[in-house]
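Visitor:
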Amino acid sequence: MKAKWNGTDLIIGILLLGVVAATLLPFVYMIAVSLSKDVYVLKGEVSLWPKGFNLKMYRLVLNDPRITTSYLNTILYVALGTTVSLLITSAGAFAISKKEMPLHKTFTLLIVFTMFFSGGMIPTFLVVKSYGLIDTIWAMVLPTAISTWNLIVMRTFFSAMPKEIEESGKLDGLNDIGIFFRLVLPLSTAVLATIGLFYAVGIWNNFTSALLYLRDQDRFPLQVVLRNIVLQGQITSSDVSSVGGDNLVVDDSLKFATIVVSTLPILLVYPFLQKYFVKGAMIGSVKG
32 MKAKWNGTDL IIGILLLGVV AATLLPFVYM IAVSLSKDVY VLKGEVSLWP KGFNLKMYRL
92 VLNDPRITTS YLNTILYVAL GTTVSLLITS AGAFAISKKE MPLHKTFTLL IVFTMFFSGG
152 MIPTFLVVKS YGLIDTIWAM VLPTAISTWN LIVMRTFFSA MPKEIEESGK LDGLNDIGIF
212 FRLVLPLSTA VLATIGLFYA VGIWNNFTSA LLYLRDQDRF PLQVVLRNIV LQGQITSSDV
272 SSVGGDNLVV DDSLKFATIV VSTLPILLVY PFLQKYFVKG AMIGSVKG
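Going by the working numbering, the sequence shown opens with residue 32, and the numbers climb by one from there.
1) Determine whether the Cβ of GLN254 lies closer than 8 angstroms to any Cβ atom of chain C.
2) VAL59 to ASP207, Cα distance in whole Å?
3) Going by beta-carbon coordinates alone, are VAL172 and ILE226 separated by less than 8 angstroms?
4) Would you report the Cα separation of ALA126 and TRP180, rounded to the nearest angstrom?
5) Does the separation of the CB atoms of THR235 and ILE168 fall below 8 angstroms?
6) I need the straight-line Cα distance from LEU205 to PHE303, nearest angstrom please.
7) Is it buried or exposed for ALA170, if we count other Cβ within 10 angstroms and need 16 for buried?
8) On the criterion of 16 or more Cβ atoms from any shown chain inside 10 Å, does ASN94 qualify as buried, or is it exposed?
9) Determine the contact status of VAL292 and TYR71, defining contact as a CB-CB distance below 8 angstroms.
10) Who are the near neighbours of VAL64 in its chain, counting only those whose CB is closer than 7 angstroms to its CB and skipping five residues on each side?
11) Distance check for ILE106 and SER240, CA to CA, integer angstroms please.
12) At what residues does the alpha helix (DSSP H) containing PHE125 begin and finish?
13) Nearest to TRP80 by alpha carbon, out of LEU86, LYS74 and LEU66?
14) Tell me whether the beta-carbon of SER116 lies closer than 8 angstroms to the beta-carbon of ARG186.
15) Give every residue of the same chain whose Cβ lies closer than 8 angstroms to the Cβ of LEU48, excluding the five residues on either side of it in the sequence, and list them in chain order.
16) Taking only the alpha-carbon atoms, compute the straight-line gap between GLN265 and ILE42 and give it to the nearest angstrom.
17) For PRO252, count neighbouring C-beta atoms within 10 Å of its own C-beta (all shown protein chains included) and say buried if the count is 16 or more, exposed if not.
18) Closest to GLY150 by C-alpha separation, out of PRO133, PRO174 and LEU134, would be which residue?
19) Quick one: grab the DSSP three-state call for VAL300.
20) On the criterion of 16 or more Cβ atoms from any shown chain inside 10 Å, does SER101 qualify as buried, or is it exposed?
21) Alpha carbons only, please: which of GLU198, THR113 and GLN248 is nearest the one belonging to PRO96?
22) Do you know how far the Cα of THR120 is from the Cα of VAL92?
23) Check for me: the alpha helix (DSSP H) holding VAL77 runs from which residue to which?
24) Hey, how far is the Cα of ASP69 from the Cα of ASN85?
25) Three-state secondary structure (DSSP) at ASP40?
26) Could you pull the start and end residues of the alpha helix (DSSP H) that THR220 belongs to?
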C-alpha cells in the first residue's frame, strides 16, 4: 500500500531536507577541503568534492603526539564516565520510581528543583576542589555524572514496568538490589542505550570541565587540544597573512582535518545505537 502525500507532508519534507542540507553541507565541505591538495584550496576551487585527493593533513594530525594522547584520554573519559553515569542514574531512577520508598515525593521534588536552579560555576569549582578532584581523571567524570533530565526519563521508564516482575523476583528470594541488577537492568536495554548515548556524546564534547579542573596537558581531552590547535591557527594566520597568506589555507585544511578526526568516532557509534534511540526516548517520555 503506497503512502499518500498531501500538501502538509510535502512542506514538512522540504523543510526537513533543508535542515539536513544545512547540517550536512558544512561537514561535507570540511571533508572536501581536508582531502584536497593545497594548490586547489589556494585557488578556491574546492566545493563539495575534493580535488587532488591526498591524506597529507590526516597524516599530520594523526602523527601529532598531542592528538594521540588526547584521543586516548577522551576514550577513557567517555568509557569511564558513561559507565559511572549510567550506574548512578539508573540506581537513583529506580529508587525514586518506588512510591513506597520513604520521602519519595520529597526526593523527587529536590531533584526536579535542580533543573531550574543550580549553584553555578564558582560553587561547583569550590566543591570539586574541596574533594581533591582537581587535575584528576575523576574531575572529568563525577561533576557531570548525573543529568537530572536523564534521571527523570529513566524514572518514568522504571515506573511503567509491570509490578509482577518485582513480585516474581521477591518470590525467588531476591532483595531490591538483586531485582535491580538481575531483572530490571536486563529488561532496560533500550533506555540504557539511549541514555548512554546522551552521556557519551556529552562527555565526548565536554571541554569546559577540562578547562576548569585539569592543569596537566597530558590529561587534556581531544576537544581541548582541538581548541588549542584552532586558536594557534588563528594566531599563525594573522601573522602569516601580512607576508603572503599561503599558510592561511593550509591551516584551515589542518583545522578541518582535526575536526573530522575528532568527530568521526562518535558519528560511527550512533548508527549502532540508533535502533534503541527512538524506542528508549519514547518509552521514557510516556508518563510525566
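Built from N, CA and C at the ideal position, the CB exists for glycine as well. Computed from a predicted structure; not experimentally measured.
Guide: With the structure as the only source:
1) The structure shown contains no chain C, having only a single protein chain.
2) Translated into positions along the sequence shown, residue 59 becomes position 28. Translated into positions along the sequence shown, residue 207 becomes position 176. Whole-angstrom Cα-Cα distance: 50 angstroms.
3) Sequence index remark: in the sequence shown, residue 172 carries index 141 (1-based). Sequence index remark: in the sequence shown, residue 226 carries index 195 (1-based). Judged by their CB atoms, VAL172 and ILE226 are not nearer to each other than the 8 angstroms cut-off.
4) As a working mapping, residue 126 is identified with position 95 in the sequence shown. As a working mapping, residue 180 is identified with position 149 in the sequence shown. One C-alpha to the other measures close to 16 angstroms.
5) Stepping through the sequence shown from its first residue, residue 235 is reached at position 204. Stepping through the sequence shown from its first residue, residue 168 is reached at position 137. The sequence shown places Trp at residue 235, rather than the Thr named in the question. Contact: no.
6) Counted from its first residue, the sequence shown places residue 205 at position 174. Counted from its first residue, the sequence shown places residue 303 at position 272. Across the structure, LEU205 and PHE303 are spaced so that their CA atoms are roughly 33 angstroms apart.
7) As a working note, residue 170 is residue 139 in the sequence shown. ALA170 is classed as buried because its beta carbon has at least 16 other beta carbons within 10 Å across all chains shown.
8) Here residue 94 is taken as the residue at index 63 of the sequence shown, counted from 1. Flag for ASN94 reads exposed.
9) Here residue 292 refers to the residue found at position 261 when the sequence shown is read from its first residue. Here residue 71 refers to the residue found at position 40 when the sequence shown is read from its first residue. Not closer than 8 angstroms, so no.
10) Residue numbering aside, residue 64 sits at position 33 when the sequence shown is read from its first letter. Closer than 7 angstroms at the Cβ level, and outside the excluded window around VAL64, lie VAL72, VAL77, ASP283, SER284 and PHE287.
11) Indexing the sequence shown from 1 puts residue 240 at position 209. Indexing the sequence shown from 1 puts residue 106 at position 75. Cα to Cα, SER240 sits roughly 15 angstroms from ILE106.
12) For the purposes of this step, residue 125 is identified with residue 94 of the sequence shown, where counting begins at 1. Here the alpha helix (DSSP H) through PHE125 covers 96-127.
13) Locating residue 80 in the sequence shown gives position 49, counting from the first residue. Checking every option, the nearest Cα to that of TRP80 belongs to LEU66.
14) Translated into the one-based positions of the sequence shown, residue 116 becomes position 85. Translated into the one-based positions of the sequence shown, residue 186 becomes position 155. No, they are not a contact pair.
15) By one-based count along the sequence shown, residue 48 stands at place 17. The answer is none, since no qualifying residue turns up.
16) Mapped onto the sequence shown, residue 265 falls at position 234. Mapped onto the sequence shown, residue 42 falls at position 11. Caution applies to GLN265, whose pLDDT of 48 falls short of 50 and renders its modelled position unreliable; the value that the coordinates give is listed next. Straight-line Cα distance between these residues: approximately 41 angstroms.
17) The residue given as residue 252 occupies position 221 in the sequence shown. That one is buried.
18) By 1-based counting over the sequence shown, the position of residue 150 is 119. Ranking PRO133, PRO174 and LEU134 by Cα distance to GLY150 puts PRO174 first.
19) Numbered from 1 along the sequence shown, position 269 holds the residue referred to as residue 300. Here VAL300 sits in helix by DSSP.
20) The count along the sequence shown starts at 1 and reaches residue 101 at position 70. Under this definition SER101 is a buried residue.
21) Stepping through the sequence shown from its first residue, residue 96 is reached at position 65. Selected option, being the one with the closest Cα: GLN248.
22) Position 61 of the sequence shown, counted from the start, is the residue given in the question as residue 92. Position 89 of the sequence shown, counted from the start, is the residue given in the question as residue 120. One C-alpha to the other measures close to 36 angstroms.
23) Position 46 of the sequence shown, counted from the first residue, corresponds to residue 77. Looking at the DSSP string, VAL77 is not in any alpha helix (DSSP H), and its letter there is neither H nor E.
24) Against the sequence shown, residue 69 aligns to sequence position 38. Against the sequence shown, residue 85 aligns to sequence position 54. Cα to Cα, ASP69 sits roughly 10 angstroms from ASN85.
25) Here the question's residue 40 lines up with position 9 in the sequence shown. In the structure shown, ASP40 sits in a helix (DSSP, three-state: H, G or I).
26) For the purposes of this step, residue 220 is taken as residue 189 along the sequence shown, with counting starting at 1. Element bounds for THR220: 220-235.
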